[in-house]
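K.L.:
Numbering (the UniProt record's numbering), first residue to last: 1 to 658.
Glycine included, C-beta positions come from ideal geometry on N, C-alpha and C.
Predicted model, so just to flag it, every value in this text is computed and none were measured.
Pasting a structure below so you can have a look.
This is the structure we're talking about:
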C-alpha cells in the first residue's frame, strides 16, 4: 500500500514539472520587475512634473493642472493594470499548485516509521552478525588446528606403512619375546586412554554448551531474518539441524582422531621397543609362539582400526569442507541482506532529511496558535480555529473592500467636480486674458500719443474712445466713457477674488487628494497584511480552509506586493540603500541629492554638460596661452642673448682693437 502511495506521489511531482514551474516563476518575476521599473520611472517623472508645477507661478499652474491630473490618472490606471496582471499570474500558479500537487507528509511519515523499525532490526542483526563472525573465527582456528593434526596423521601413517614394510620379514621371529611387555604396557595405556577420554568428554560438554549457545543465537538470527525473508524459514530450520549434526560429527571425529593419534604414538613406541628386543633376542622358546600369534592378531586388528579411522577422517574432511562452503554461501547471503538493509536505511535517511523542516513548521504553528487565538481556545483543534479565523478575516476583507469602493466612488465624484471647476477656471482665465489684451491695446494707444504721458487712465480711455469714434464727441459722451474705468476695475477685482477662491478650492482638493492617497496606501498595506495571513492559512498543512472565487480574485491583487516583500533581494537592496544613505554626512547627502536632481532633470543635465564643456575649453585655452607665452619668452630671451653677444663682439672687440 505504501509503495503504491509513493509511486502516485512521485508521479504527481513528475507530472507537476518543477523545472518548468520554476521557469514560469522566473519569467513572471522578470515581468513583474519590468513593470515595477516602468512604474518607478513614470512615478519619478510624475513627481518631477508635480514639483515643477508647484514651483511654477499661478498663471502657469492653471493650464498645466489638467495635464497633471491626467498624468495622475494614467499612473493609477497603470497601477491597476499591474495589479490585475499580478492577480492573473497568481491565480494561474495557485491553481496549478493546488490541483497538481499532493501532500507528501503522510507517505513520508509511513516511510519514516518503517525505516525506524528496520533500523532497529538492522542494529540487532549487526550485533548478531558480529557475534557469528567471532564464532566463525574460532571455528576457523579450530579447523586450522585439525588440518595440522591431519598432516601429522598422514606423516604417521606413512611412517607406519614404512614400518609395516620393514617389519613383515622379521615380525614372526621377534614378536614372541615382547608379548608380556605389551600386555603390561597396554594396561597402563588403557588407564591413560580412560583419563584422556574423560578429558575429551569434558571438552565435548563445553563444546556442546557453546554449540547450544550458538544454536540459540542462530535461532534468534533466523527469527529476525524471518521478518525480512519469509521464504527461507524451512531452509533455516534445515540448516540449524544440519549444523547440529555436523557439529556432533565434528566433535566425534576430533575425539576419534585424538584417540587414534595417541594409539599411533603408542604403537610407534611399541614397535621401537620390539625392534630393540628382537635385535637382542633372536632365539626364543617355542612356548611363546602362541602368545606371539595372539599379539600379531591384535596388531592386525589395530591396524584395521587405524585404517577405518583414517577413512572416517577423510569423510569428515569432506563433510567439513562442504560445511565450510555452505557457511560461506550463507554468510554471503547475509552480507547481501545487510547491503540491502543499508541501502534502505540510506534511502530512509534521505527521505527524513527532506522532512527536516517538520519541527520548525510545528513550532511556527504553535506560535501562530498562541499569538492569534486565546488561551481558552487551546483545547479546540487548529483546523477549526483557523477556519473560524479565516471567516472573520473574510468578513473584514469584505468590509474593507466596501470601504475602498466607497472611497473610490467619492474620489471619482471629487475628480469630476474638480474637472468641472478646472474647466470653469479655464473659461475665466480666457476671459481675463481677453480683457488684459483689450487693456494692453488701450495702453499701446496711449503710449503712441505723446501728450498722453502724465494723464489719468480715464483720459486715456476717453482718448481711445474719441479715436475710435472719430474724435467728435460731446461732454456727455466723455462722462460716460470716464464711468467705464471703475466698472472694469470692479470686474477685475471680482475676477481676482474668484481666482483666489478657485486657488483655495484647488489647494483644498489637492490636500484631500493627498489624504485619499494616504488612506488608499494604508488600506493597501492593511490588505497586504491580511493577504499574508490568508496565504499562511492557505498553506499545504491547512487542508480544511477553502476560499471562494471572488475573494481569491480580490486577494490575488496583492500577490505582487506580497512577493516583493518576501523577495530577499529587494528587501536586502532597500535595507542596504537606507544603511548607506544613513552613513552619509550632510555634505554627501547634499551632493547626492544634487546629482539625483541633475540626472533626473533634462535641463539640468544639459546645463551640466555645457558647463563642463565650457570649463574644459577654458582650461585648455589657458594652458595653451601659458604654453605659448612661455615659448615666446624663451624665444625672446634667446633673441636678446644673441643680440647682446653680437653687440659685445662688435663694440667691445673693436674698442679693444683700437
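1) On the three-pair Cβ rule with 8 Å, is the stretch 335-343 touching the stretch 106-126?
2) Contact between the stretch 26-39 and the stretch 75-92: three or more CB pairs below 8 Å?
3) Rounded to the nearest angstrom, how far is the Cβ of residue 530 from that of residue 396, given a contact under 8 Å?
4) Would you say the stretch 11-29 touches the stretch 90-99, given that touching needs at least three Cβ pairs under 8 Å?
5) Would you tell me roughly how many angstroms separate the C-alpha atoms of residue 496 and residue 414, rounded to the nearest one?
6) What residues in its chain sit with their C-beta under 6 Å from that of residue 542, if we drop five residues either side in the sequence?
7) To which residues of the same chain is residue 86 closer than 6 Å at the C-beta, ignoring the five residues directly before and after it?
8) Using 10 angstroms around the beta-carbon of residue 585, count the other beta-carbons present and answer buried if the total reaches 16, otherwise exposed.
9) Return helix, strand or coil for residue 113, following the three-state DSSP convention.
10) Step through the CB atoms of chain D and report whether any lies within less than 8 Å of the CB of residue 22.
11) Tell me the rounded alpha-carbon separation between residue 614 and residue 623.
12) Report the three-state DSSP secondary structure of residue 578 (helix, strand or coil).
13) Inspect the beta-carbon positions of residue 581 and residue 528 and report whether they are closer than 8 Å.
14) I'd like the ranges of any alpha helix (DSSP H) spanning at least 4 consecutive residues and lying wholly in the stretch 594-655.
15) Provide the residue span of the alpha helix (DSSP H) that contains residue 566, from first to last.
16) Is the Cβ-Cβ distance between residue 118 and residue 344 less than 8 Å?
17) Quick check on residue 138: does DSSP put it in helix, strand or coil?
18) Is residue 497 helix, strand or coil when you go by DSSP?
19) Tell me whether the beta-carbon of residue 75 lies closer than 8 Å to the beta-carbon of residue 96.
20) Spatial neighbours of residue 649 within its chain, please: CB distance less than 8 Å, with the 5 preceding and 5 following residues excluded, ordered by chain position.
21) Would you mind stating whether residue 404 and residue 523 have Cβ atoms separated by less than 8 Å?
22) Rounded to a whole number of angstroms, what is the C-alpha to C-alpha distance between residue 606 and residue 612?
23) Between 105, 270, 55 and 144, which has its C-alpha nearest residue 10's C-alpha?
24) Using C-beta distances below 7 Å, list every residue in its chain close to residue 533, excluding the 5 sequence neighbours before and after it, in chain order.
25) Of the residues 572, 600 and 651, which one's Cα is nearest the Cα of residue 51?
P.N.:
Reading it off the structure:
1) yes
2) yes
3) Sequence index remark: in the chain shown, residue 530 carries index 530 (1-based). Sequence index remark: in the chain shown, residue 396 carries index 396 (1-based). Between residue 396 and residue 530 the Cβ distance is about 7 Å, and since that is below 8 Å, they are a contact.
4) yes
5) Taking the first residue of the chain shown as position 1, residue 496 is located at position 496. Taking the first residue of the chain shown as position 1, residue 414 is located at position 414. One C-alpha to the other measures close to 24 Å.
6) Translated into the one-based positions of the chain shown, residue 542 becomes position 542. The predicted model places residue 542 with a pLDDT of 46, which falls under 50 and marks its position as unreliable; any figure quoted below should be read in that light. The residues are 386.
7) Position 86 of the chain shown, counting from 1, holds the residue named residue 86. Once the five neighbours on either side are set aside, the close Cβ partners of residue 86 are 559 and 560.
8) Taking the first residue of the chain shown as 1, we reach residue 585 at position 585. Answer is exposed; the Cβ neighbour count stays below 16.
9) Counted from its first residue, the chain shown places residue 113 at position 113. The answer is helix: DSSP assigns residue 113 an H, G or I state.
10) Chain labels in this structure do not include chain D; a single protein chain is all it has.
11) On the chain shown, residue 614 is found 614 positions in, with the first residue counted as 1. On the chain shown, residue 623 is found 623 positions in, with the first residue counted as 1. About 14 Å.
12) By 1-based counting over the chain shown, the position of residue 578 is 578. Here residue 578 sits in helix by DSSP.
13) The residue given as residue 581 occupies position 581 in the chain shown. The residue given as residue 528 occupies position 528 in the chain shown. No. Outside cutoff.
14) 602-647
15) Position 566 of the chain shown holds residue 566. 559-566 is the extent of the alpha helix (DSSP H) around residue 566.
16) Numbered from its first residue, the chain shown carries residue 118 at position 118. Numbered from its first residue, the chain shown carries residue 344 at position 344. Cβ atoms of residue 118 and residue 344: closer than 8 Å.
17) Counting from one through the chain shown, the residue named residue 138 turns up at place 138. Helix, per DSSP.
18) Against the chain shown, residue 497 aligns to sequence position 497. Note: residue 497 maps to helix in three-state DSSP.
19) Mapped onto the chain shown, residue 75 falls at position 75. Mapped onto the chain shown, residue 96 falls at position 96. Contact: no.
20) Working through the chain shown from its first residue, we reach residue 649 at position 649. Once the five neighbours on either side are set aside, residue 649 has no close Cβ partner at all.
21) If you number the chain shown from 1, residue 404 lands on position 404. If you number the chain shown from 1, residue 523 lands on position 523. It is a contact, given that the beta carbons lie within the stated cut-off.
22) The residue labelled residue 606 in the question sits at position 606 within the chain shown. The residue labelled residue 612 in the question sits at position 612 within the chain shown. Between residue 606 and residue 612, the C-alpha separation is close to 10 Å.
23) Here residue 10 is taken as the residue at index 10 of the chain shown, counted from 1. Comparing Cα positions, the closest option is 105.
24) The count along the chain shown starts at 1 and reaches residue 533 at position 533. Excluding positions up to five away in sequence, the list reads 393.
25) Locating residue 51 in the chain shown gives position 51, where the first residue counts as 1. Of the listed residues, the one whose Cα sits closest to residue 51 is 600.
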